[in-house]
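Notes for the one structure printed next.
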Amino acid sequence: MDHSEGGSSITRGEYLNFLNREALEDGNINPVLLDRVTKREVAAGRMDPDDEHASFAAAGAAVLGDSAELTAHACRNGNYFFYGMGAAGILAFVMARMNVSPLWLIAIGLLIGWYFNERERKRIKAEVAARRA
62 MDHSEGGSSI TRGEYLNFLN REALEDGNIN PVLLDRVTKR EVAAGRMDPD DEHASFAAAG
122 AAVLGDSAEL TAHACRNGNY FFYGMGAAGI LAFVMARMNV SPLWLIAIGL LIGWYFNERE
182 RKRIKAEVAA RRA
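For the sequence shown, position 7 matches number 68 in my numbering, and the numbering has no gaps at all.
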């Protein structure tokens with residue numbers, strides 16, 4: 062049955078609801094999964110390629126990305142801040158003794174922050190991929 066044209070609005074609504082429920086992950090619709098589901102439906106001929114729902118799914122995936130990566134990690138607010146402030150204090154004291162400007166701590170902090178963020182991003186991607194496999 063072609064759900065893209067004709068049929069009652071209730072039937073179409075139920076069909077779209079099934080697609081949305083298939084894209085649920087942790088209680089939220091994942092835009093990337095919804096895009097994959099609608100592409101599968103278009104490829105199977107059950108959905109028109111110009112369907113509004115498929116267009117919204119593709120736009121959502123492009124703009125919002127994979128929501129599983131955003132909800133995969135609960136941040137512990139304060140642990141790294143405490144350690145970072147302690148290390149910055151020690152480094153500032155040492156740098157002042159060596160007649161080096163503590164402003165270099167900004168560059169050092171940015172590099173260290175980039176390293177930790179990149180490491181965490183890769184860990185989250187691997188965790189999400191393993192959960193979906």
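Even glycine gets a Cβ: it sits at the ideal position worked out from N, Cα and C.
Buried versus exposed, by CB contacts within 10 Å (16 or more), E179
Residue mapping note: residue 179 aligns to position 118 of the sequence shown, counting from 1. Counting Cβ neighbours within 10 Å, E179 comes out exposed, since fewer than 16 surround it.
Judging by CA-CA distance, which residue of L94, G174 and Y76 is the nearest neighbour of E130?
Within the sequence shown, residue 130 is the residue found at index 69, counting from 1. That would be L94, whose Cα lies nearest to the Cα of E130.
Around the C-beta of M62, are 16 or more other C-beta atoms found within 10 angstroms, so that it is buried, or is it exposed?
Counting from one through the sequence shown, the residue named residue 62 turns up at place 1. The pLDDT assigned to M62 is 47, lower than 50, so where the model puts this residue is not dependable, and the model offers no usable value.
Helix, strand or coil for L166 per DSSP?
Here residue 166 is taken as the residue at index 105 of the sequence shown, counted from 1. The DSSP-derived three-state label of L166 is helix.
What are the residues that DSSP puts in a beta bridge with N89?
Your numbering for residue 89 matches position 28 in the sequence shown. Paired residue(s): E86.
Contacting residues, own chain, Cβ-Cβ under 6 Å from I169 (five flanking each side not counted):
For the purposes of this step, residue 169 is identified with residue 108 of the sequence shown, where counting begins at 1. Hits under 6 Å: none found.
Return yes when the Cβ of A115 is within less than 8 Å of the Cβ of P92, no when it is not.
Within the sequence shown, residue 92 is the residue found at index 31, counting from 1. Within the sequence shown, residue 115 is the residue found at index 54, counting from 1. It is not a contact, given that the beta carbons lie outside the stated cut-off.
Taking the straight line between their C-alpha atoms, what separation do you get for G150 and A187?
Within the sequence shown, numbered from 1, the residue matching residue 150 stands at position 89. Within the sequence shown, numbered from 1, the residue matching residue 187 stands at position 126. Within the model, the alpha-carbon separation for G150 versus A187 is close to 35 Å.
Would you mind stating whether L80 and E102 have Cβ atoms separated by less than 8 Å?
For the purposes of this step, residue 80 is taken as the residue at position 19 of the sequence shown. For the purposes of this step, residue 102 is taken as the residue at position 41 of the sequence shown. Yes, the pair counts as a contact, with Cβ atoms nearer than the cut-off.
Grouping DSSP H, G and I as helix and E and B as strand, with all else coil, what is A194?
Taking the sequence shown and counting its residues from 1, one reaches residue 194 at position 133. Three-state DSSP puts A194 in coil, outside helix and strand.
Let's see if you can read the secondary structure: which residues bound the alpha helix (DSSP H) around V124?
One-based indexing of the sequence shown puts residue 124 at position 63. E113 to L125 is the extent of the alpha helix (DSSP H) around V124.
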